[in-house]
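So the mapping is simple: the working numbering equals the position in the sequence shown, first residue as 1, plus 5.
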Amino acid sequence: MNNPFNKIKSNSFLAAIIYRYFASLFLQLTAFVVGMVVSKLLGPEMLGYWGLFHIVTNYYVFSNLGSTNGLTRELGLLIGKNERGLIKNNIGAASAIHIVFPGTASLILIVYSFFLVSPLSWVFLFSGIVSFVELYEETLIRITSAFERHKILARISVFRSLISFLIVIPLVYFFDLRGRIIAALILAIIGLLVTYRYLPVPLSLSFNKTHIINLISIGFPIALTGFFAASFFLVDRLVITKFLTIEDLGFFTFAFYLVTVIKNIKYNVASILYQRQNIIFGADGAKSKQRLFEVSKCSALFTTDLTGVLSGLILIVFSFFVKYFMPEYINSIAITYIIVFSQVMGSINVFNTVGKHRDYLIIMIISLIINIALSILFVKLWGIIGVAYATFLSFILLNIVINFSNLKYFDLTYIQNFKLILRIILVPLYCYVIARGIEYLLFKNITTHIGYDIVLMFILLTTYAVFMIPLFFMLKGHLRFLNRVTLVETTV
């Protein structure tokens, strides 16, 4: 029986990254434009309720992803070993778990919604339904990605981008917040059906004693990690909900439209590299330690440099757009800059690949405690901008600890660790300083003449690109390396 990866050509990995990157860029920019229109139609207060919907759905999805990570993360390792029978069982178990556990949680959210009043009742009712659908779609995406069907995933992303225009904006225009929530459900169902249509392997449901043991020994620590990671990523909005107003949550949600663009583009590229790590480690085991380090290192540097350059570019255009067309959200600009660059820093993360799940869990618990403490302290000192700074510091600390802990696995010296971590930290800081400087010059010289101001913006964007030339050369080097990352052909 042939390994399904024997036919992968040397340049297909690089092609996969390019496909997923541009498809993700198209999807996220489309979502951003739709988000701007929705923000204009809803206003800060109703956008705050939409932000609350996001808190519930994101928390639910991220925390429940851990329940299947214990099984789905094995796919790459099993594919590398060419264990076709175990691959089938793994997928069946993941499917079963994603119905039992998340389905129960969804039912709780739906029942709870009946004890609330509108619009909160709508938020919790539909978040329970939408989250379940999105979570199962994410399982199918992970399975498809494990088999490196990146062209298919790219096409699905483009398709979803196009239909979001046709569904979201009309529903929001006629039905306000309820229209946006209904649109989220429609898009989730369409995404699930389309992803299922192009699933590379038959989907079955199976759940036996071995799967339960795997869930407890492997999946449970990862499930806890997912729960604490979800808590970590949502601390800022939870603190705002507790200590500030729903309108402040609206401003923060507006900022997160752009943060989501950057974060998801980074995630899509990183997920390809991460899956290849698993396949390499599954095929070679301990012998692949050096190779695993090179791929994970390139993954961290590539995603950091790529999102750093892209973040500054998008933020400058975003600032101009808000200043001219959405002045009611002008307070979100400073928040957006701070939070966006907290997402740029990449990390060398092989915890799941090499089976160090408990180490990751401990790091997330400690990081969550620090994030909560900083957010509560800073929100009392500086309000909403304080929450943004707390998020920025917490993400930097988390990435430093993750990088340092993973680099220990590769037996690097402290000097080598320090140099690599410093390299990862300095890139987002460099891009942040340049972007803020360009934005200052733009706002200082801006007029009320749209033609003149657009020309000025393009001149300043060109200036930004000149400062990014060193990073362009670094990205070229990363792409050259990734083009050489191939799989060893084996047959069984």
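We put the beta carbon where it would ideally sit given N, CA and C, even for glycine.
Remember, predicted model here, so these are calculated numbers, not experimental data.
Rounded C-alpha distance that separates residue i from residue j
i, j, result
"residue 297", "residue 424", "19 Å"
"residue 33", "residue 348", "15 Å"
"residue 199", "residue 189", "15 Å"
"residue 420", "residue 149", "39 Å"
"residue 244", "residue 462", "35 Å"
"residue 167", "residue 175", "14 Å"
"residue 362", "residue 343", "30 Å"
"residue 430", "residue 445", "23 Å"
"residue 354", "residue 364", "11 Å"
"residue 392", "residue 142", "32 Å"
"residue 197", "residue 138", "7 Å"
"residue 467", "residue 121", "52 Å"
"residue 464", "residue 201", "46 Å"
"residue 404", "residue 456", "42 Å"
"residue 473", "residue 432", "10 Å"
"residue 459", "residue 273", "31 Å"
"residue 205", "residue 155", "11 Å"
"residue 41", "residue 250", "21 Å"
"residue 127", "residue 402", "37 Å"
"residue 375", "residue 172", "40 Å"
"residue 124", "residue 163", "32 Å"
"residue 130", "residue 44", "22 Å"
"residue 22", "residue 145", "19 Å"
"residue 302", "residue 47", "43 Å"
"residue 487", "residue 277", "11 Å"
"residue 151", "residue 304", "17 Å"
"residue 161", "residue 191", "15 Å"
"residue 15", "residue 24", "Low per-residue confidence applies at residue 15: pLDDT is 42, beneath 50, and the placement is therefore not dependable, though the value from the model is reported in the following sentence. Distance between the alpha carbons of residue 15 and residue 24: 15 Å."
"residue 469", "residue 318", "8 Å"
"residue 332", "residue 59", "24 Å"
"residue 352", "residue 193", "30 Å"
"residue 358", "residue 412", "14 Å"
"residue 338", "residue 295", "43 Å"
"residue 414", "residue 270", "28 Å"
"residue 475", "residue 186", "43 Å"
"residue 410", "residue 308", "19 Å"
"residue 248", "residue 396", "16 Å"
Buried versus exposed call for residue i [16 or more other C-beta atoms within 10 Å across all chains shown]
i, result
"residue 485", "exposed"
"residue 416", "exposed"
"residue 170", "exposed"
"residue 448", "exposed"
"residue 453", "exposed"
"residue 378", "exposed"
"residue 386", "exposed"
"residue 418", "exposed"
"residue 481", "exposed"
"residue 109", "exposed"
"residue 49", "buried"
"residue 323", "buried"
"residue 335", "exposed"
"residue 268", "buried"
"residue 499", "A question about residue 499 goes unanswered here, because the residues of the chain that appear run from 6 up to 497."
"residue 320", "buried"
"residue 264", "buried"
"residue 400", "buried"
"residue 408", "buried"
"residue 327", "buried"
"residue 63", "buried"
"residue 471", "exposed"
Limits of the alpha helix (DSSP H) - the one that residue i falls within
i, result
"residue 421", "419-450"
"residue 458", "455-472"
"residue 143", "125-151"
"residue 163", "155-202"
Proximity test, Cβ basis, 8 Å: residue i and chain D
i, result
"residue 372", "Among the protein chains of the structure shown there is no chain D, as only one such chain exists."
Can you list the alpha helix (DSSP H) stretches of 4 or more residues lying completely in the region 310-397, in chain order?
337-347, 356-359 and 362-387
I want to know whether the region 237-257 touches the region 49-61 - three or more CB-CB distances under 8 Å.
yes
Could you check whether the region 229-236 touches the region 171-179, counting it as contact only if at least three pairs of C-beta atoms, one from each stretch, sit closer than 8 Å?
no
Contact between the region 313-321 and the region 427-440 is defined here as three or more beta-carbon pairs at a separation below 8 Å; is this criterion met?
yes
Is the region 130-139 touching the region 110-120, taking contact as three or more C-beta pairs under 8 Å?
yes
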